[in-house]
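Residue numbering for the sequence shown follows the working numbering, beginning at 324 and increasing consecutively. Down below is the structure, laid out as structure tokens.
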Amino acid sequence: MLTAEAAFAHAVTLGDKGYIQETTGVQIIPFLYLGAKHMVTGYDHILFLFGVIFFLYGMKEIGIYVTLFAVGHSTTMLAGVWFNFGINSYIIDAIIGFSVVYKALDNLGAFQKWFGFQPNTKVATLIFGFLHGFGLSSKILDYNISPDGLLANLLAFNVGVEVGQLVALAAILMVMNRWRAIPAFGRQAYTVNVIMMGLGFYLMGFQLIGLAMA
């Protein structure tokens, strides 16, 4: 964590960064690929999504939560780049790390135990979706994406992100369905959420140290 540098802030890879900076005109397929790759390899997004569906069993309920996250993510990513509004990458990525901590605590029932009430999980998912989208828009703005073909490329990137999210979700659900079938799931679920919370704190600390050293 003490060696955090600007290059380690959550982002697309350096090769993809160069492509984004150099490309002009409408490039639908490449931006679809970049969006899908970003989501599938975006460990912070995947951790949050994993936490969101951890105790969801019905496909309808899962669909509602994933849709809320997608709506939030898409709205701020598109609006942030289109209107040239970004947030410091380290700060927004620290907030994204906090979203993982929040969801782990929610899964552990901490808010009910500590404060005697349960925050609205759907509203929280939407709000954190907005914040995750700002994380991506801020990084794209840092790369000075060309205005030539901007809207089409952004839409393609966003569609790619959603495709990547569906791929990640399918993989998570396959693992979860097998895991939930074993008798030890209830006991292991507690441990896994504690670990997830620790990872969220690590992501927050990594980004805040990067901010201090930038």
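Every residue gets a Cβ at the ideal spot worked out from N, C-alpha and C, and that includes glycine. In this text, all values refer to a predicted model and were calculated from it rather than measured experimentally.
Starting from the C-beta of residue i, find all residues in its chain whose C-beta is less than 7 Å away, skip the five residues before and the five after it, and write them out in chain order.
i                 : result
phenylalanine 421 : Gly523, Met527
leucine 401       : Leu477, Asn481
Under DSSP, the alpha helix (DSSP H) around residue i begins and ends at which residues?
i             : result
valine 486    : 473-503
glutamine 441 : Where glutamine 441 is concerned, there is no enclosing alpha helix (DSSP H), given that its DSSP letter is neither H nor E.
glycine 432   : Counting along the chain, glycine 432 falls outside any alpha helix (DSSP H), and DSSP gives it neither H nor E.
glycine 386   : 382-405
What separation, rounded to the nearest whole angstrom, lies between the Cα atoms of residue i and residue j?
i              : j                 : result
valine 517     : histidine 361     : 26 Å
glycine 439    : threonine 347     : 54 Å
glycine 341    : isoleucine 468    : 10 Å
asparagine 500 : leucine 379       : 11 Å
glutamine 441  : histidine 368     : 23 Å
alanine 427    : tyrosine 413      : 21 Å
alanine 330    : proline 506       : Unreliable positioning characterises alanine 330 in this predicted model, as indicated by a pLDDT of 40, which lies under 50. The coordinate reading is nonetheless provided below. Those two C-alpha atoms are separated by around 43 Å.
arginine 510   : arginine 503      : 11 Å
aspartate 471  : methionine 382    : 40 Å
isoleucine 410 : phenylalanine 453 : 12 Å
methionine 497 : tyrosine 425      : 24 Å
leucine 449    : threonine 390     : 9 Å
Closer than 8 Å by C-beta to residue i: which residues in its own chain qualify, once you throw out the five before and the five after it? Chain order, please.
i              : result
asparagine 407 : Leu464
alanine 359    : Gly483, Val484, Val486, Gly487, Val490
Would you identify the three-state DSSP class for residue i, choosing helix, strand or coil?
i                 : result
glutamine 350     : coil
asparagine 467    : coil
isoleucine 410    : coil
alanine 537       : coil
alanine 507       : coil
leucine 379       : coil
glycine 458       : helix
glycine 358       : helix
phenylalanine 331 : Residue placement at phenylalanine 331 is poorly supported in this model, since its pLDDT is 45, which falls under 50; the coordinates still yield a value, given next. Residue state, collapsed to three classes: helix.
glycine 521       : helix
In chain order, what residues of the same chain lie with their CB nearer than 6 Å to the CB of residue i, ignoring the 5 residues before and after it?
i                 : result
isoleucine 415    : Phe457, Gly458, Ser461
phenylalanine 451 : Ser422
Pairing CB atoms from the stretch 477-485 with CB atoms from the stretch 340-354, are three or more of them under 8 Å? yes
If contact is defined by three or more beta carbon pairs under 8 Å, each pair taking one atom from either stretch, is the stretch 486-499 in contact with the stretch 422-431? no
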